[in-house]
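For reference, the structure is listed below as structure tokens.
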Amino acid sequence: MFDFENLVRNRRSIRRFLPTPIPHELLSEALALAQFAPSNSNIQPWRLFLAEGDCIERLREALREEVQTNPRELAPLPPSFRSYRRELGAIVYGSMGIARDDDAGRAQASLRNYDFFGAPMVGILCMHKELGLTDAVGVGMYLQTLVLGLTARGIGTCVQAALTTYPEAIRRVLAIPEEQAILCGLSLGYADPDFPTNHLRVPKQPVENNVSIQGRPVLPAH
Numbered sequence: 001m002f003d004f005e006n007l008v009r010n011r012r013s014i015r016r017f018l019p020t021p022i023p024h025e026l027l028s029e030a031l032a033l034a035q036f037a038p039s040n041s042n043i044q045p046w047r048l049f050l051a052e053g054d055c056i057e058r059l060r061e062a063l064r065e066e067v068q069t070n071p072r073e074l075a076p077l078p079p080s081f082r083s084y085r086r087e088l089g090a091i092v093y094g095s096m097g098i099a100r101d102d103d104a105g106r107a108q109a110s111l112r113n114y115d116f117f118g119a120p121m122v123g124i125l126c127m128h129k130e131l132g133l134t135d136a137v138g139v140g141m142y143l144q145t146l147v148l149g150l151t152a153r154g155i156g157t158c159v160q161a162a163l164t165t166y167p168e169a170i171r172r173v174l175a176i177p178e179e180q181a182i183l184c185g186l187s188l189g190y191a192d193p194d195f196p197t198n199h200l201r202v203p204k205q206p207v208e209n210n211v212s213i214q215g216r217p218v219l220p221a222h
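Residue 165 in full-length UniProt numbering sits at position 165 of the sequence shown, with consecutive numbering throughout.
As structure tokens, then:
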């Protein structure tokens, strides 16, 4: 139990990777473990498209071209939720030494999303378009299981909503069928230990902000 707690608490979003390739044996172990994730009616709705080597370089180049010729807002959020992104940006960019008012520095750092932060492998996680929110929950449980399985093997990850910004380029390079909705990206590899942001602890909300327990009697205060 304590090992599991440490694993969950010590997971980080890695934003600079070493070029060291991931041993396929470790990758295969984590992928096999993630298959045990629960899903609605056991349909196992996740589809993961992985790229490395020449393929990941083609994908990087395609995304760079899209960013230059067809700039878009990075994974748009509804207005009422944008404050979360601003708060996270202040923390992450601050750890990189980029000031709040350094728009050019922030824009340059944001572009590194499409370089997968230098990771030697990237995955694109998908789900069939005919499926709904209940099945997306199963995909999320698969992703968390995979991320923790990789973390346990010393492999860092970064789940990337930004990679949904240019789905056309991703589909073209990875030959992802149109019936598969692109949900997010996953960069993976060995973390650069000298990059301060890789050691960042992002604050989380208290449990009561997200959880409501109905029907439990209120215990008297002591």
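All C-beta atoms, glycine included, are put in the ideal place defined by N, C-alpha and C.
None of these values were measured; they are calculated from a predicted model.
With which residues is residue i paired in a DSSP beta bridge?
i    : result
M141 : None; M141 has no bridge partner.
F17  : A191
F50  : Before going on, a small fix: residue 50 reads as Leu here, not Phe. Beta-bridge pairing links L50 to G123.
Taking the beta strand (DSSP E) that residue i falls in, what are its first and last residues?
i           : result
T69         : No beta strand (DSSP E) contains T69, which is instead part of the alpha helix (DSSP H) from G53 to T69.
residue 224 : The structure shown does not extend to residue 224, since the chain is modelled only from 1 through 222, so no value can be given for it.
Roughly how many angstroms lie between the CA atoms of residue i and residue j, to the nearest whole one?
i    : j    : result
I43  : R82  : 34 Å
A109 : D102 : 11 Å
Y166 : G215 : 46 Å
G53  : P217 : 58 Å
Q160 : L88  : 14 Å
S95  : C158 : 16 Å
V92  : S80  : 21 Å
R171 : N10  : 33 Å
P19  : R106 : 24 Å
A152 : V207 : 25 Å
R12  : S41  : 32 Å
E179 : G185 : 17 Å
L63  : A51  : 14 Å
K129 : G140 : 15 Å
V122 : E29  : 17 Å
H24  : A34  : 15 Å
R67  : L131 : Note that residue 67 is Val in the sequence shown here, rather than Arg. One C-alpha to the other measures close to 30 Å.
L27  : A191 : 15 Å
P71  : N113 : 14 Å
Y142 : R60  : 25 Å
D115 : I213 : 43 Å
I56  : P120 : 8 Å
L150 : L74  : 26 Å
F4   : S39  : 22 Å
N210 : A90  : 23 Å
D135 : D194 : 39 Å
Taking 8 Å as the threshold (beta carbon to beta carbon), is residue i in contact with chain B?
i    : result
S110 : In summary, chain B is missing from the structure at hand, where a single protein chain is found.
The alpha helix (DSSP H) spanning residue i covers which residue range?
i    : result
P167 : P167 to L174
Y93  : R82 to S95
H24  : H24 to A34
G105 : D103 to L111
Can you round the beta-carbon distance between residue i and residue j to whole angstroms, since I take them to be within the 8 Å contact cut?
i    : j    : result
R16  : G118 : 6 Å
W46  : L125 : 6 Å
I176 : F49  : 6 Å
L188 : G156 : 7 Å
A181 : M127 : 6 Å
V173 : R58  : 5 Å
L7   : L146 : Contact flag wrong, Cβ pair sits at about 13 Å.
Can you find a heavy atom of the ligand FMN that lies under 7 Å from the Cβ of residue i?
i    : result
I155 : Inclusion of the ligand FMN in the displayed structure is not the case, the ligand content being empty and no account of it being possible.
Query raised in the report: At which residue ranges does the segment 116-165 contain complete beta strand (DSSP E) runs of 3 or more residues, listed in the order of the chain?
Result: The segment 116-165 is shown to contain whole beta strand (DSSP E) runs of 3 or more residues at 121-128 and 156-160, in chain order.
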